[in-house]
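Count the sequence shown with the working numbering and you get residues 45 to 237, in order.
Structure first, then comments.
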Amino acid sequence: FLLDDAFRVGEYIEMENLRGTVESMSLRSLRVRHHLGAVHTIPFGELKALTNYSRDWVIMKLEFRVPFDTDLKLVKKLVKQVGAELQQNPDYGHHILEPLKSQGVRRMEEFNMVVAVKFMTRPGEQWTIRRDAYQKIRDVFEANGISFARRDVKVQVVGDTQGEAARQAALGAAQDAIESLPMDGAGAGPARA
C-alpha cells in the first residue's frame with residue numbers, strides 16, 4: 045500500500061469495518077482516527093483492501109420520495125434551479141465539478157416514487173453541499189406545491205360513520221395497517237391519530 049500511494053496523511057479511508065482519517069504511518073502500521081475520536085492502529089500485514097474517499101472527485105447521490113401524482117417535469121426544473129444556486133455559493137460553489145441534476149424516477153414503491161439526484165464535487169465537500177441541497181430542495185418544493193410522500197392510511201367505514209364505533213373501527217384498521225408496514229427508516233414515520 046505504501047508503494048502504491050494508496051493513501052496519504054489527512055485522507056479519509058475505509059478498510060473492512062474501520063473508517064477514518066489517516067493520522068500517521070510507519071514502516072509497520074497505519075494510524076486512523078475515526079470521526080467519533082477513536083484511534084485505530086492497523087498493521088500493514090492485516091490490510092487486505094482499502095477504499096480512499098479523498099482522491100480526485102466524489103459523486104453524491106440523493107434520493108427522496110414523492111407522491112405518484114407529482115409533476116416530474118417540474119421536479120427536474122426545480123432540481124436544476126437548486127443546482128445553479130449551489131454553484132453560486134461563495135463557500136463551496138467552486139468545489140462543485142458537476143452540478144446537481146435529476147436522474148428521474150429510480151423506482152416505484154407501494155406508496156410513492158423514489159426520485160434520484162446527483163452531483164460531483166471535490167472530496168470532503170460533499171457533506172456540506174448535500175445538507176444544503178436537501179434544504180434547498182425541500183424549500184423550493186414547498187414553495188411550488190410539491191410534497192414529499194408519506195404513508196397515509198385511508199379507512200372506509202360502512203354504516204354509522206358518525207358514532208364512536210366507526211371512529212374506533214377506523215383507528216383500529218389504521219393501526220393494523222401501520223403495524224404491517226416495514227419501517228426501514230427510508231420514509232416518513234407513521235402519522236399519529
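Glycine included, C-beta positions come from ideal geometry on N, C-alpha and C.
Given residue i as reference, the closest of the options once Cα atoms are compared
i, options, result
"R257", "L94, A214, W101", "Absent from the model: residue 257. The displayed extent of the chain is 45 to 237, so no value can be given."
"S70", "N61, F51, G81, M59", "F51"
"E142", "G189, H84, D100, H79", "D100"
"P167", "T65, N61, D49", "T65"
"S73", "H79, V53, N61, F163", "V53"
"K124", "N61, V184, I86", "V184"
"S98", "E90, T165, N188, G81", "T165"
"R14", "A209, V149, E153", "As shown, the chain starts at 45 and ends at 237. That puts residue 14 outside it, with no answer to give."
"F88", "F112, N96, M59, E223", "M59"
"E186", "Q132, R75, L118", "L118"
"S68", "H79, R211, I86", "I86"
Buried or exposed by the 16-neighbour rule on C-beta atoms within 10 Å, applied to residue i
i, result
"Q170", "buried"
"K105", "exposed"
"A237", "Legend: pLDDT at A237 = 41, less than 50; position of this residue unreliable, value from coordinates given subsequently. Per the 10 Å Cβ criterion, exposed."
"T114", "buried"
"K180", "buried"
"V83", "exposed"
"A177", "buried"
"N61", "exposed"
"G216", "exposed"
"N156", "buried"
Beta-bridge partners of residue i, as assigned by DSSP
i, result
"I86", "L74"
"V159", "F108, V149"
"Y178", "Paired residues: none, contrary to the question."
"E58", "R63, T95"
"V102", "T165"
For residue j and residue i, believed in contact at Cβ under 8 Å, the rounded distance
i, j, result
"L130", "L144", "6 Å"
"I140", "I173", "7 Å"
"R109", "F192", "6 Å"
**Request:** Starting from the N-terminal side, write out each stretch of the beta strand (DSSP E) that is 3 residues or longer and does not extend beyond the segment 121–156.
**Result:** 140–152
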